[in-house]
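J.:
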Amino acid sequence: MHRRGFISLVGLGVISACVPGTSKSSDKNTKAKSSSPGTISEHKFPPLPFAYNALEPYIDARTVEIHYDKHHRGYFKKFSAAIKGTELEKMPMYKIFANVSAYSETVKNYGGGYYNHMLYWDNLSPKGGEPCAKLLSKIVKYFDSMVQFKAEFNKAAKTLFGSGWAWLIMTDNKELKIVTSTNQDNPLMDFAEVKGVPLLTIDVWEHSYYLRYQNRRADYINNFWNIVNWNTVNERFLGAKEGTWKG
Ligand code: MN
1 MHRRGFISLV GLGVISACVP GTSKSSDKNT KAKSSSPGTI SEHKFPPLPF
51 AYNALEPYID ARTVEIHYDK HHRGYFKKFS AAIKGTELEK MPMYKIFANV
101 SAYSETVKNY GGGYYNHMLY WDNLSPKGGE PCAKLLSKIV KYFDSMVQFK
151 AEFNKAAKTL FGSGWAWLIM TDNKELKIVT STNQDNPLMD FAEVKGVPLL
201 TIDVWEHSYY LRYQNRRADY INNFWNIVNW NTVNERFLGA KEGTWKG
């Protein structure tokens, strides 16, 4: 979308203004965590913000159940065991990641698995939504259009070799960038080539899609856009701009 068209759409009220804390989601968990999930200093396994079948037909109930209750819970349990009795028990995840090279592989892998999946569930919703005006404007600035942004994000997610994640991040310079990470790494980790605060993420491990899509990762990624919780992404974006959302 061109800038002029974008501005007139805002004027017409087609695109919503960016106002913090006005998430339309009726789910309290989603709202509470989308404001600052990464700043929690006591690590808990969070409730899934929707029912297992809520993302049908794009992600099937069985996949969500196994992914959340087995994979995600498994990462959390191993992370919890690894940090038990250490200073990390009270440290927010973004701070752990900022110095993650100093800790064990277990902390990196299972801490990453625990955290990345929280972000993933929170940026999914059957209700979808749209980027708010300021975020859309920023997306247009860095990617030319929403269509082009999605195309670049899709390409990153589709071409990532093996297991990992694609991300939209805001860098320290407040630029938007699309990056990928392998395994359970993420762009908050001290060794990340391009670091930034996560705004949106997609899990492209096969366990995210294999039951329904088998080897068709591209179909899963294309369908992802039907269930992006833009209210969460909008709040992360506003928080990242103001420095209240550190991931
Ligand atoms: Mn996963």
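According to our numbering, the sequence shown is numbered sequentially starting from 1.
By construction, the Cβ of each residue, glycine as well, lies at the ideal position given by its N, Cα and C atoms.
Note that this is a predicted model, so its numbers are computed, not measured.
1. When we look at the beta-carbon of Arg217 and count the other beta-carbons within 10 Å, is it buried (16 or more) or exposed?
2. Any idea what DSSP makes of Ala240, helix, strand or coil?
3. Measuring alpha carbon to alpha carbon, tell me which residue in Pro187, Val179, Pro198 and Arg73 is nearest Ala157.
4. Which same chain residues end up closer than 8 Å to Glu252 when comparing Cβ atoms and leaving out the 5 residues on each side of it in sequence?
5. So, under 8 Å CB-CB, Gly247 and Tyr103 are touching, yes? Tell me the CB distance rounded to an integer number of Å.
6. Which two residues bound the contiguous alpha helix (DSSP H) that contains Val64?
7. For my contact list, Trp230 and Gly128 are in at a C-beta cut-off of 8 Å; report their separation, rounded to the angstrom.
8. Could you spell out where the beta strand (DSSP E) holding Gly164 opens and where it closes?
9. Can you give the beta carbon distance from Leu124 to Val197, rounded, assuming they're within the 8 Å contact cut?
10. Can you tell me which residues fall inside 6 Å of the ligand MN, judged by beta-carbon distance to its nearest heavy atom, and keep chain order?
11. Taking the beta carbon of Ser208 as the centre, do at least 16 other beta carbons fall within 10 Å, making it buried, or is it exposed?
12. When we look at the beta-carbon of Asp122 and count the other beta-carbons within 10 Å, is it buried (16 or more) or exposed?
13. Where does Ala51 land, buried or exposed, given buried means 16+ other C-beta within 10 angstroms?
14. Under three-state DSSP, which class holds Asp203?
15. CB-CB under 7 Å to Ser101, same chain, minus the five flanking residues each way: which ones, in chain order?
16. Ignore the nearest five residues each way along the sequence and tell me which others in Leu200's own chain have a CB closer than 6 Å to its CB.
17. Could you tell me which of Asn109, Thr244, Val64 and Ala151 sits nearest to Ser181, measuring between CA atoms?
18. Does the stretch 71 to 84 come close enough to the stretch 141 to 150 that 3 or more CB-CB pairs lie under 8 Å?
19. Please state whether the Cβ-Cβ distance between Leu188 and Phe97 is less than 7 Å.
T.: Reading off the structure:
1. buried
2. helix
3. Val179
4. Residue 252 is absent from the model: the chain starts at 1 and stops at 247.
5. Contact doesn't hold; Cβ gap of about 17 Å is too wide.
6. Ala61 to Ile66
7. 7 Å
8. Gly164 to Met170
9. Not quite, the Cβ-Cβ distance comes to about 19 Å (not below 8 Å), so this is no contact.
10. His67, His71, His117, Asp203, Trp205, His207 and Ser208
11. buried
12. buried
13. exposed
14. strand
15. Asp190 and Phe191
16. Asn123, Leu168 and Val233
17. Asn109
18. no
19. yes
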